[in-house]
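*Asks:* Residue numbers (the working numbering): 181 to 481.
My questions all concern the structure below.
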Ligand code: FVH
């Protein structure tokens, strides 16, 4: 077996040459996109998938299909895993974790922060990552990926990982990339739910969703400005109502609930928005800014 120092030296040489070998385990929609991006960038790429037939296109492009997980792990100094969930990673990788010694193990499977921290105990060279993009854009500049874990491992493999898209490293806590991931997905679902609710509401007046979309997009772009201003208030722990008080927001929220009820569409979403604001106001935040709602989410209001 190659020792850690030899593997590290080999990795350095190949890294400098810009084409270190990579193994991709998991060839679902995302795994295939990851492997294709590495291949396109000229990295010798070994792949493994539970259902081997999914490797056919990649093999045609030059990938090597490993006959077993252990062979796939042994093939490269950098191993990227992208499976359906953490249970699949445990089932697939943990029995072979001895093979991870001397290799960088990068888990791009979605999971919780604690799951990432547990996986970090399998090997000394672990990174956990979150992919904030769809398969179609992987390998393009608009794709972005978040990482945390062993800083030296990230630095050593940064260029190779950058073949997938823009990369950001959040430091040594292996759970932090996953925490960012779920927080950002929450932003996505909250925004999309609001859009879908609005589309349903306007649909009752025979307005097409595609007519609503440009206005929604323009408004979301304004809301990004609110996010930056409120982030500063949250960090300062002070919520001066520089734009509107929470009480003013609440009065308008009630229209959204009433309009939804009048239109005969589901009122659950706006009623929840209203209820969050009411809880903050009951806790004394009537005259503060919308950002004071963070105290409700923190469980303090
Ligand atoms: N697709 C996307 O847009 C999102 C973007 C953000 C990040 N996610 C995460 O990426 C992980 C994989 O997602 P995916 O879209 O590639 O998922 P599938 O196409 O369903 O492929 C799943 C692969 O996992 C293999 N697999 C599942 N269970 C097992 C198991 N018990 N043992 C071994 N392999 C397993 C599956 O194998 P097979 O069904 O082809 O044999 C696929 O390779 C995911 O965490 C997303 O949240 C993607």
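Backbone N, C-alpha and C define an ideal beta-carbon position, used for all residues, glycine too.
1) Taking the DSSP output, what are the residues bridged to residue 285?
2) For residue 285, count neighbouring C-beta atoms within 10 Å of its own C-beta (all shown protein chains included) and say buried if the count is 16 or more, exposed if not.
3) Using the Cβ count rule (16 or more neighbours within 10 Å means buried), how would you classify residue 283?
4) Would a C-beta distance cut-off of 9 Å place residue 269 and residue 305 closer than the cut-off?
5) Please report how far the alpha carbon of residue 406 lies from the alpha carbon of residue 233, in whole angstroms.
6) Within the continuous beta strand (DSSP E) that includes residue 328, where are the two ends?
7) What does residue 219 pair with, by DSSP beta-bridge criteria?
8) Bridge partners of residue 228, per DSSP?
9) Using a Cβ distance threshold of 8 Å, determine whether the region 470–481 contacts the region 417–429, with at least three qualifying pairs required.
10) Pull up the CB-CB distance for residue 245 and residue 235, whole angstroms please, since I reckon it's below 8 Å.
11) Flag residue 236 as yes when its Cβ comes closer than 8 Å to any non-hydrogen atom of the ligand FVH, and as no otherwise.
12) Might you give, ordered along the chain, the residues of its own chain that have their beta carbon closer than 8 Å to the beta carbon of residue 302, omitting 5 neighbours on each side?
13) Tell whether a beta-carbon distance below 9 Å holds between residue 467 and residue 427.
14) Could you check where the beta strand (DSSP E) with residue 346 kicks off and where it finishes?
15) Does the Cβ of residue 290 lie closer than 8 Å to at least one heavy atom of the ligand FVH?
16) Please return the same chain residues whose Cβ sits closer than 7 Å to the Cβ of residue 347, not counting the five positions on each side in sequence.
17) Checking 9 Å against the spacing of the C-beta atoms, do residue 155 and residue 225 come in under that value?
18) For residue 399, is the classification buried or exposed, using 16 other Cβ atoms within 10 angstroms of its Cβ as the cut-off for buried?
19) DSSP beta-bridge partners for residue 311?
20) With hydrogens ignored, establish whether the beta-carbon of residue 265 is closer than 8 Å to any heavy atom of the ligand FVH.
21) Report the three-state DSSP secondary structure of residue 387 (helix, strand or coil).
22) Any heavy atom of the ligand FVH inside 8 Å of the beta-carbon of residue 315?
23) Could you name the residues that DSSP lists as bridge partners for residue 245?
24) Would DSSP call residue 469 helix, strand or coil?
25) If we call anything under 9 Å between Cβ atoms a contact, is residue 202 one with residue 223?
26) Report yes if the C-beta distance between residue 243 and residue 215 is below 9 Å; otherwise report no.
27) Thinking just about the alpha-carbon of each residue, which of 241, 296, 439, 209 is nearest to the one in residue 361?
28) Grab the span of the alpha helix (DSSP H) containing residue 435 for me, first residue to last.
29) Can you tell me which of the three DSSP states residue 200 falls into?
*Replies:* In short:
1) Along the chain shown, read from residue 1 onward, the residue named residue 285 stands at position 105. BP columns for residue 285 point to 259, 306.
2) Counted from its first residue, the chain shown places residue 285 at position 105. Burial call: buried.
3) The residue given as residue 283 occupies position 103 in the chain shown. Residue 283 is buried by the Cβ-count criterion.
4) Within the chain shown, numbered from 1, the residue matching residue 269 stands at position 89. Within the chain shown, numbered from 1, the residue matching residue 305 stands at position 125. No; because the gap between Cβ atoms is not below 9 Å, this pair is not in contact.
5) Locating residue 406 in the chain shown gives position 226, where the first residue counts as 1. Locating residue 233 in the chain shown gives position 53, where the first residue counts as 1. Cα to Cα, residue 406 sits roughly 48 Å from residue 233.
6) As a working note, residue 328 is residue 148 in the chain shown. For residue 328, the enclosing beta strand (DSSP E) starts and ends at 324–329.
7) For the purposes of this step, residue 219 is taken as residue 39 along the chain shown, with counting starting at 1. Paired residues: none, contrary to the question.
8) Here residue 228 refers to the residue found at position 48 when the chain shown is read from its first residue. Per DSSP, 205.
9) yes
10) In the chain shown, residue 245 corresponds to position 65, counting from 1. In the chain shown, residue 235 corresponds to position 55, counting from 1. In this structure residue 245 touches residue 235 by the C-beta definition: roughly 5 Å separates them, less than 8 Å.
11) For the purposes of this step, residue 236 is identified with residue 56 of the chain shown, where counting begins at 1. Checking the Cβ of residue 236 against the ligand FVH gives no.
12) By 1-based counting over the chain shown, the position of residue 302 is 122. In its chain, beyond the 5 residues on either side, 273, 274, 277, 280, 285 have a beta carbon closer than 8 Å to the beta carbon of residue 302.
13) Here residue 467 refers to the residue found at position 287 when the chain shown is read from its first residue. Here residue 427 refers to the residue found at position 247 when the chain shown is read from its first residue. Yes, these two residues count as a Cβ contact at 9 Å.
14) Counting from 1 along the chain shown, the entry for residue 346 is found at position 166. Run containing residue 346: 346–349, per the beta strand (DSSP E) assignment.
15) As a first step, residue 290 must be located in the chain shown, where it is residue number 110. Residue 290: yes, Cβ under 8 Å from the ligand FVH.
16) As a position in the chain shown, residue 347 is number 167, starting the count at 1. Taken in chain order, the residues that qualify are 325, 327, 338, 341.
17) Because the chain here runs from 181 to 481, residue 155 falls outside it and cannot be looked at.
18) As a working mapping, residue 399 is identified with position 219 in the chain shown. Counting Cβ neighbours within 10 Å, residue 399 comes out exposed, since fewer than 16 surround it.
19) Position 131 of the chain shown, counting from 1, holds the residue named residue 311. In DSSP, residue 311 forms a bridge with 325.
20) For the purposes of this step, residue 265 is taken as residue 85 along the chain shown, with counting starting at 1. Checking every heavy atom of the ligand FVH against the Cβ of residue 265, one is found closer than 8 Å.
21) Start at 1 with the first residue of the chain shown, and residue 387 comes out as number 207. Correct three-state label for residue 387: coil.
22) The residue labelled residue 315 in the question sits at position 135 within the chain shown. Under cutoff, so the answer is yes.
23) Numbered from 1 along the chain shown, position 65 holds the residue referred to as residue 245. Its beta-bridge partners are 227.
24) For the purposes of this step, residue 469 is taken as residue 289 along the chain shown, with counting starting at 1. Three-state DSSP puts residue 469 in coil, outside helix and strand.
25) For the purposes of this step, residue 202 is taken as residue 22 along the chain shown, with counting starting at 1. For the purposes of this step, residue 223 is taken as residue 43 along the chain shown, with counting starting at 1. For residue 202 and residue 223, yes; Cβs fall inside 9 Å.
26) Along the chain shown, read from residue 1 onward, the residue named residue 243 stands at position 63. Along the chain shown, read from residue 1 onward, the residue named residue 215 stands at position 35. Yes, they are a contact pair.
27) Position 181 of the chain shown holds residue 361. Taking only the C-alpha atoms, the option nearest residue 361 is 296.
28) Within the chain shown, the letter at position 255 stands for residue 435. Here the alpha helix (DSSP H) through residue 435 covers 426–443.
29) By 1-based counting over the chain shown, the position of residue 200 is 20. Residue 200: coil per DSSP, three-state reduction.
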